[in-house]
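To keep things clear, I will list the structure first and then write my remarks on it.
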Amino acid sequence: MDKLKAAQLYGGQLISVTGTLVERYNQCLSALGFKPTELASFSIDGIGWSPEIAEEKDDLYYLNNGEANPHAIILSPKQQGVPVYMPFHSFDREVMALVYDTFKNTINDITKDSAICVDLDQFIDAFYEPMDLLKYNKISVGFKLLNDLDEVQIQQAQLIETYRQGNNFIDENLHIQLLGLARKYGDLRNRKLTMEPLEFTTESFYTKAFGGVFVLRDFIKPILVFESEEWYKKTKKQDTGDVLIHHIVDKSVVKQLIDHIIITYDLKDVVKTKRYERIKKFIFMEKLQETEHPIQNILDDQILYKSYLNKLATEDRDAVLSVERYNEQKALGKSSLIDDMFLKALYEPHSSLDDKQQELIWKLLVKMSAKDPLYLYWYDKESFYKAYQSWDESFKDWVIEYITKHN
Numbered sequence: 001m002d003k004l005k006a007a008q009l010y011g012g013q014l015i016s017v018t019g020t021l022v023e024r025y026n027q028c029l030s031a032l033g034f035k036p037t038e039l040a041s042f043s044i045d046g047i048g049w050s051p052e053i054a055e056e057k058d059d060l061y062y063l064n065n066g067e068a069n070p071h072a073i074i075l076s077p078k079q080q081g082v083p084v085y086m087p088f089h090s091f092d093r094e095v096m097a098l099v100y101d102t103f104k105n106t107i108n109d110i111t112k113d114s115a116i117c118v119d120l121d122q123f124i125d126a127f128y129e130p131m132d133l134l135k136y137n138k139i140s141v142g143f144k145l146l147n148d149l150d151e152v153q154i155q156q157a158q159l160i161e162t163y164r165q166g167n168n169f170i171d172e173n174l175h176i177q178l179l180g181l182a183r184k185y186g187d188l189r190n191r192k193l194t195m196e197p198l199e200f201t202t203e204s205f206y207t208k209a210f211g212g213v214f215v216l217r218d219f220i221k222p223i224l225v226f227e228s229e230e231w232y233k234k235t236k237k238q239d240t241g242d243v244l245i246h247h248i249v250d251k252s253v254v255k256q257l258i259d260h261i262i263i264t265y266d267l268k269d270v271v272k273t274k275r276y277e278r279i280k281k282f283i284f285m286e287k288l289q290e291t292e293h294p295i296q297n298i299l300d301d302q303i304l305y306k307s308y309l310n311k312l313a314t315e316d317r318d319a320v321l322s323v324e325r326y327n328e329q330k331a332l333g334k335s336s337l338i339d340d341m342f343l344k345a346l347y348e349p350h351s352s353l354d355d356k357q358q359e360l361i362w363k364l365l366v367k368m369s370a371k372d373p374l375y376l377y378w379y380d381k382e383s384f385y386k387a388y389q390s391w392d393e394s395f396k397d398w399v400i401e402y403i404t405k406h407n
C-alpha cells in the first residue's frame with residue numbers, strides 16, 4: 001500500500017490524532033461501549049474511523065454496536081469534508097455531511113475542549129433477517145457530548161440565575177459550586193453546545209450487513225441484491241411478497257435491472273469512451289501470462305500492446321476484441337458473441353436516474369464486474385484496495401498513474 005499512500009490515494013486526507021485528542025477519543029469509545037485503543041497516535045476519517053485502530057482490533061467496523069447500530073466520533077472540525085473511508089452504509093457520507101453542515105459553528109465550539117459521540121439510530125435494536133433492511137427508513141442522528149458538557153452548561157446557567165436572586169450572592173455553598181464548575185469547565189454561558197437530533201430519510205442504499213446487500217426500493221418493486229450466497233439462499237426460502245431477491249453473480253439480476261430501467265448499455269457508443277479503453281486494457285492485462293516488458297509499458301505503448309495482443313491464445317484475443325468484433329459483424333448483418341465478463345462491465349446506470357441513484361448503481365455495477373480500476377476506486381474503495389494487493393507491480397504503477405491523472 002506504500003505506493004498508494006505516496007500517491008495520496010490511501011489515507012491521504014486522514015486527520016492525525018495525538019496527545020489530548022487520543023484521551024478524548026478513548027473516552028468516546030468507552031461512552032459508546034467499546035474498549036479504548038492502546039495506540040498513542042493514529043489517524044481518523046470524516047466519521048471518526050481509524051485504519052490503525054481497525055487493524056489493532058482486527059475489526060473494520062469497530063464503531064458499530066451490531067450491524068444495526070453504527071456510530072461516529074467527532075474530535076475536530078477538520079473532519080468536515082474528509083472522506084468516510086469504510087462506510088458501513090452507502091449513505092454514511094451524506095449523514096455526516098448533514099451533521100457538519102448543520103452544526104458547523106457548534107462543532108467548532110465544542111471540540112475546543114470536548115468531543116462528540118454520534119448515534120445513528122434507525123429505531124431497530126438489531127437486524128435478525130435481511131427483510132429487516134426494508135424497515136430502514138428514517139434515521140435519527142443523536143449526539144452525546146463528552147463529559148455531558150451541554151448539561152453542565154444548563155447546570156451552570158441555573159446556578160448563575162439562582163445567584164442573582166435575592167441575597168443568594170452571599171451564599172458560600174453557591175460560590176463553591178460556581179467556582180468548581182468554572183475551574184473545571186470554564187465559563188460556558190456564551191458557548192454553542194446544543195445539538196438537537198437530526199432526521200435523515202433513507203431511500204435506496206447499500207449496507208455491509210448480511211454480507212453486503214443492495215436495497216433498491218425506488219423502483220417498480222423493491223429489489224434486494226445479495227453479495228453473500230448464504231444469505232441469498234436463506235432469504236429466498238422465505239415468503240418475501242413483492243420483494244425481488246437476487247444474488248449478485250446471477251444473470252437474472254442483470255435482466256431484472258434492465259427490465260426495471262435501472263441499467264442500460266450501448267455497444268455502439270461505448271467503444272468511443274475512455275471507460276471502454278480502460279476495461280479493455282484491464283481484461284487484456286488479465287490474459288497476459290509471462291511478459292518480457294513491464295505491463296505498464298505494454299499498456300501505454302501501442303507497438304508493444306499490439307505485439308502482445310497478437311501473441312495471445314486465439315480464445316483470449318477474441319475475448320479482448322469481442323465488443324469491436326460484435327459491432328463489425330452487426331453492421332454486416334451477422335452475429336457475434338461478446339465475452340460475458342466484458343459485456344457485464346459495460347453496463348451503466350440508466351440516464352433517468354438521479355445523481356444519488358446513479359452513484360449507488362455504479363457501486364453495484366463495479367461489484368458485479370470489477371474490470372474498471374478507476375470506477376472501482378471511485379465507487380468501492382474497499383474492493384479496490386483488496387484487488388490492488390493481487391495485481392502485478394507494474395500494473396499497480398499504471399493504475400496509480402491513471403487514477404492520479406483522472407481523479
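Per the working numbering, residue 1 is the first one in the sequence shown, and the count goes up by one each step. Even glycine gets a Cβ: it sits at the ideal position worked out from N, Cα and C. Predicted model only: the values in this text are computed from it and were never measured.
To the nearest angstrom, how far is it from the Cα of residue i to the Cα of residue j?
| i | j | result |
| --- | --- | --- |
| Lys237 | Ser228 | 15 Å |
| Tyr388 | Arg275 | 19 Å |
| Val99 | Gly48 | 13 Å |
| Pro70 | Leu63 | 6 Å |
| Ile295 | Tyr377 | 20 Å |
| Ser16 | Tyr25 | 12 Å |
| Ile233 | Tyr136 | Reading off the sequence shown, one finds Lys at residue 233, where the question assumed Ile. Going by the C-alpha atoms only, they are around 22 Å apart. |
| Leu120 | Val141 | 5 Å |
| Glu290 | Lys311 | 11 Å |
| Glu359 | Tyr375 | 10 Å |
| Gly241 | Leu224 | 12 Å |
| Ser50 | Ile245 | 34 Å |
| Asp397 | Ala72 | 34 Å |
| Lys192 | Asp109 | 6 Å |
| Ile279 | Ala7 | 22 Å |
| Thr37 | Tyr85 | 19 Å |
| Ile107 | Ile116 | 8 Å |
| Lys386 | Gly19 | 32 Å |
| Lys363 | Ser369 | 10 Å |
| Tyr305 | Thr314 | 16 Å |
| Tyr10 | Pro87 | 15 Å |
| Glu94 | Gly66 | 21 Å |
| His247 | Tyr347 | 17 Å |
| Thr273 | Pro83 | 28 Å |
| Leu145 | Lys344 | 48 Å |
| Phe282 | Pro130 | 34 Å |
| Ile139 | Lys3 | 38 Å |
| Asp392 | Asp239 | 46 Å |
| Asp409 | Val320 | Any question about residue 409 goes unanswered here, given that the chain covers just 1 to 407. |
| Lys367 | Asp218 | 20 Å |
| Asp266 | Lys251 | 18 Å |
In this structure, what does DSSP give as the bridge partners for residue i?
| i | result |
| --- | --- |
| Glu199 | Ser140 |
| Ile15 | Ile44 |
| Leu120 | Val141 |
| Val408 | Nothing can be reported for residue 408, as the shown portion of the chain is limited to 1 through 407. |
| Pro349 | Ile263 |
| Ile283 | Note: Ile283 sits in no beta bridge, so no partner. |
| Ile74 | Ile116 |
| His293 | Its beta-bridge partners do not exist; DSSP assigns none. |
| Ile245 | Leu224 |
| His89 | Thr207 |
| Asn64 | Pro70 |
Would you please state the rounded distance, in angstroms, between the beta carbons of residue i and residue j? I believe it to be under 8 Å.
| i | j | result |
| --- | --- | --- |
| Leu32 | Glu52 | Contact doesn't hold; Cβ gap of about 18 Å is too wide. |
| Thr111 | Leu75 | 6 Å |
| Met285 | Phe395 | 6 Å |
| Pro349 | Ile361 | 4 Å |
Could one say the Cβ of residue i lies closer than 8 Å to chain B's Cβ atoms, at least one of them?
| i | result |
| --- | --- |
| Pro51 | Checking the listed chains, one finds no chain B in this structure; it contains a single protein chain. |
Let me know if residue i comes out buried or exposed under the rule of 16 or more other beta-carbons within 10 Å of its beta-carbon.
| i | result |
| --- | --- |
| Gly81 | exposed |
| Met412 | No statement about residue 412 is possible, as the shown extent of the chain runs from 1 to 407 and does not include it. |
| His293 | exposed |
| Lys371 | buried |
| Ile303 | exposed |
| Ala209 | buried |
| Asp125 | Confidence at Asp125 is low in this model, with a pLDDT of 45, below 50, so its placement is unreliable and no value can be given for it. |
| Leu216 | buried |
| Gly46 | buried |
| Leu365 | buried |
| Asp339 | buried |
| Thr202 | buried |
| Lys78 | exposed |
| Lys35 | exposed |
| Thr207 | buried |
| Pro222 | buried |
| His89 | buried |
| Ser409 | The structure shown does not extend to residue 409, since the chain is modelled only from 1 to 407, so the question has no answer here. |
| Ile220 | exposed |
Quick check: the stretch 350-363 against the stretch 323-342, are there 3 or more CB pairs under 8 Å?
-> no
Kindly confirm or deny that the stretch 252-260 and the stretch 319-330 touch, where touching means at least three C-beta pairs closer than 8 Å.
-> no
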